[in-house]
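K.L.:
Chains as they are written, first to last, in my numbering: chain U, 1 to 110; chain B, 111 to 225.
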Amino acid sequence: DQQVKQNSPSLSVQEGRISILNCDYTNSMFDYFLWYKKYPAEGPTFLISISSIKDKNEDGRFTVFLNKSAKHLSLHIVPSQPGDSAVYFCAASGGNQFYFGTGTSLTVIP
Amino acid sequence: NAGVMQNPRHLVRRRGQEARLRCSPMKGHSHVYWYRQLPEEGLKFMVYLQKENIIDESGMPKERFSAEFPKEGPSILRIQQVVRGDSAAYFCASSVLDSSYNEQFFGPGTRLTVL
Chain U
1 DQQVKQNSPS
11 LSVQEGRISI
21 LNCDYTNSMF
31 DYFLWYKKYP
41 AEGPTFLISI
51 SSIKDKNEDG
61 RFTVFLNKSA
71 KHLSLHIVPS
81 QPGDSAVYFC
91 AASGGNQFYF
101 GTGTSLTVIP
Chain B
111 NAGVMQNPRH
121 LVRRRGQEAR
131 LRCSPMKGHS
141 HVYWYRQLPE
151 EGLKFMVYLQ
161 KENIIDESGM
171 PKERFSAEFP
181 KEGPSILRIQ
191 QVVRGDSAAY
201 FCASSVLDSS
211 YNEQFFGPGT
221 RLTVL
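1) Can you list, in chain order, the residues of the segment 154 to 176 of chain B whose Cβ is nearer than 9 Å to any Cβ on chain U?
2) Can you tell me the Cα-Cα spacing of K38/U and P171/B, whole angstroms?
3) Going by the beta-carbon positions, is the gap between D24/U and S51/U smaller than 8 Å?
4) Less than 8 Å separating the beta-carbons of M156/B and G138/B?
5) Does the segment 139 to 146 of chain B come into contact with the segment 191 to 201 of chain B, if we say contact requires no fewer than three beta-carbon pairs (one atom in each stretch) closer than 8 Å?
6) For R125/B and L131/B, what's the separation of their Cα atoms in angstroms?
7) From which residue to which residue does the beta strand (DSSP E) around G34/U run?
8) Anyone know if the C-beta pair for K71/U and T26/U falls short of 8 Å?
9) Could you give the C-beta distance for H141/B and S205/B, rounded to a whole number, given that I count them as a contact under 8 Å?
10) Are at least three pairs of beta-carbons, each pair with one atom in the segment 178 to 185 of chain B and one in the segment 157 to 167 of chain B, less than 8 Å apart?
11) L106/U and L34/U: beta carbons closer than 8 Å?
12) Listing by chain order, which chain B residues have their CB less than 7 Å from the CB of F100/U?
13) From the DSSP output, in three-state form, read off R221/B for me.
14) At least one CB of chain B closer than 8 Å to the CB of P40/U: is that the case?
15) Quick one: give me the first and last residue of the beta strand (DSSP E) that K56/U is part of.
16) Under 8 Å Cβ to Cβ from F62/U, same chain only, skipping five residues before and after it: list those, please.
17) Per DSSP, R132/B forms a beta bridge with which residues?
18) I want to verify the contact list: residues of chain B whose CB lies under 9 Å from the CB of T45/U, in sequence order.
19) Under three-state DSSP, which class holds R125/B?
20) For the candidate residues K54/U, V87/U, T45/U and G95/U, whose alpha-carbon lies nearest to that of V108/U?
21) Under a CB-based cut-off of 8 Å, is F179/B close to chain U?
This is the structure:
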């Protein structure tokens, strides 16, 4: 039972344009959401987070939006850079456990 | 401050053997989490431990898998009598406090291959 879903396995974007990665969740008890970035042969690294009391959190080129009524969050990267090419996982937590999506592989084309 | 360390990075075992995966959390972190990533899948929670305590093992298979986080030394994930389906990347993560509103820092993972 996949409680966090990333329906797009891959995404290609031109350098300088906006990348939008989407994530849906099913459990309304989740109150903390994170995005992780993962390069091949490395562990995930934390990117940005948002708690359920907010609907937007911004950190440099990265912005996470949370729509609680739709149980949807998205990560915007603007402008996209070739170094952003990686697999992005969204994660949600309502307690001890983090539930991860299956990841979206982002390719930024120079 | 060294990050989360995992060893070995790659482990090859034959069916029926035991696999031991080690995780040293970041300095000052007393909370450890183990995840498994099967091919083409996301990270799946296995177990959450604090020093000498298993807090949540709801993601652990009921048989052959065990985990510990002793007072001294690394956390160990042990898989007995491995089968081909155990082949996966195993990641551990640590945090200063429990998961609520705290990011987890991940190690580089151990890739287990069962022949």
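Beta carbons are placed, not taken as given, at the ideal position from N, Cα and C, and that holds for glycine.
P.N.:
Answer, in terms of the structure:
1) K154, F155, Y158, I165, D166, S168 and G169
2) Each residue's CA atom was taken as its position, placing K38/U and P171/B some 26 Å apart.
3) No, these two residues do not count as a Cβ contact at 8 Å.
4) no
5) yes
6) 16 Å
7) Here residue 34/U turns out to be Leu, not Gly, going by the sequence shown. First-last of the beta strand (DSSP E) with L34/U: Y32 to K38.
8) yes
9) The Cβ separation is near 5 Å, so the contact holds.
10) yes
11) no
12) G152 and L153
13) strand
14) no
15) K56 to D59
16) The beta carbon of F62/U sits closer than 8 Å to those of W35, L47, I48, L75, H76 and I77, all from its chain and outside the five residues before and after it, given in chain order.
17) N117/B and I186/B
18) F215 and F216
19) Three-state result, R125/B: coil.
20) V87/U
21) For F179/B, the answer is no, since every Cβ of chain U falls outside 8 Å of its Cβ.
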